[in-house]
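Numbered according to our numbering, the sequence shown spans residues 243 to 453.
For glycine and all other residues, C-beta sits at the position ideal for the given N, C-alpha and C.
These numbers come from a predicted model, not from an experiment.
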Amino acid sequence: MSVFIDKVTVGQWYENAYLLYNEHEGWLIDPGDDFDVLDDAFGKKNIKLKGIINTHAHFDHLGAVAQFKEKYNLPFFIHSLDKRLVGQANLYRKLAKGVGVFSTPAIDGFIDQIPSFRLGDRQIAVVHTPGHTPGSVTFVIDNNIIVGDLIFSETIGRTDLPGGNLPLLNQSVNKILGDFKGFKVYPGHGKEFVITEEYTRLINNEMINGG
Ligand SMILES: [Zn+2]
């Protein structure tokens with residue numbers, strides 16, 4: 243069975259929401275804002291939505307979770323170490339001058355306590371990649387990794403936001419660069435890219451020079 247990954251960039255922070263799916267079913271990843279736009283793009287495919295899995299719990303990645311849960315009766319999963327950030331998301335959203343209504347979504351399960359997520363005959367592997375937030379995770383399927391705000395096409399993730407930790411982030415980046423050479427990366431902001439040797443050099447330099 244095929245694996246498809248569609249991206250829609252939403253909201254005032256240009257966050258990438260993804261739908262990971264095959265011919266029959268799919269998972270929503272980081273539905274960050276603009277519920278109507280996402281529902282138009284992702285809700286109208288002729289597949290069964292299985293649930294929402296988030297790379298992390300920053301406010302710009304959570305904005306449409308509650309509405310998707312309500313409309314499609316979907317479970318929402320996040321790493322247990324980001325539980326507190328879910329509760330604080332609305333506060334941080336206001337501090338960041340967020341517009342629009344936000345309702346805090348209920349959490350239905352913790353990613354780190356579930357043995358595996360499946361998409362048809364494939365397993366979606368979960369790698370704990372803390373640093374941007376304590377509970378940041380990377381989802382792996384075939385030759386694709388969905389990394390949240392761990393790395394971007396030209397830089398590493400920020401650690402000056404709630405829950406950030408630079409040494410932990412550097413560790414997580416090294417692990418991903420080492421374990422997923424040649425993989426296609428789907429980041430939380432900006433364009434997709436591949437982990438090439440050139441990319442690895444660029445990021446290593448940034449880590450050595452302190453970003
Ligand atoms: Zn973030």
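Beta-carbon separation of residue i and residue j under 9 Å?
| i | j | result |
| --- | --- | --- |
| E257 | G268 | no |
| A283 | D248 | yes |
| P404 | T380 | no |
| I445 | G424 | no |
| D354 | K313 | no |
| I295 | V328 | no |
| R335 | D302 | yes |
| N264 | I289 | yes |
| G293 | F319 | yes |
| M243 | D391 | no |
| G430 | T297 | yes |
| I393 | V415 | yes |
| P317 | K325 | no |
| L304 | A331 | yes |
Can you list, in chain order, the residues of its chain with a C-beta nearer than 7 Å to that of residue i? Leave out the 5 residues immediately preceding and following it.
| i | result |
| --- | --- |
| V341 | Q254 |
| N386 | I247, F425, K426, Y428 |
What do you reckon, is the C-beta of residue i under 8 Å from a heavy atom of ligand 2?
| i | result |
| --- | --- |
| G340 | As far as ligands go, the structure on display features ligand 1 and does not contain ligand 2. |
Identify whether residue i lies in helix, strand or coil by the three-state DSSP scheme.
| i | result |
| --- | --- |
| K426 | strand |
| L403 | coil |
| D421 | helix |
| Y256 | coil |
| N264 | coil |
| V436 | strand |
| V245 | coil |
| N451 | coil |
| L411 | helix |
| T380 | strand |
| N385 | coil |
| L392 | coil |
| T442 | helix |
On the premise that residue j lies in contact with residue i, defined as a C-beta separation below 8 Å, what is that separation, rounded to the nearest angstrom?
| i | j | result |
| --- | --- | --- |
| V389 | A367 | With a Cβ gap of about 13 Å, V389 and A367 do not count as contacting. |
| H321 | F352 | 6 Å |
| G373 | L323 | At roughly 11 Å, the Cβ-Cβ gap does not stay under 8 Å, so G373 and L323 are not in contact. |
| L408 | T401 | 4 Å |
| L270 | L361 | L270 to L361, Cβ: 12 Å. No contact. |
Skipping 5 residues on each side, what residues in its chain have a beta carbon closer than 6 Å to that of residue i?
| i | result |
| --- | --- |
| A308 | S345, P347 |
| L410 | P372, G373 |
| T251 | N258 |
| T442 | L419 |
| S395 | G432, K433, F435 |
Grab me the residues of residue i's own chain with a C-beta within less than 8 Å of its C-beta, minus the 5 sequence neighbours each way, in chain order.
| i | result |
| --- | --- |
| E448 | T397, I398 |
For this session: Could you pull out every unbroken beta strand (DSSP E) segment of at least 3 residues lying fully inside the stretch 274 to 362, listed in chain order?
Result: 290 to 295, 318 to 320, 359 to 361
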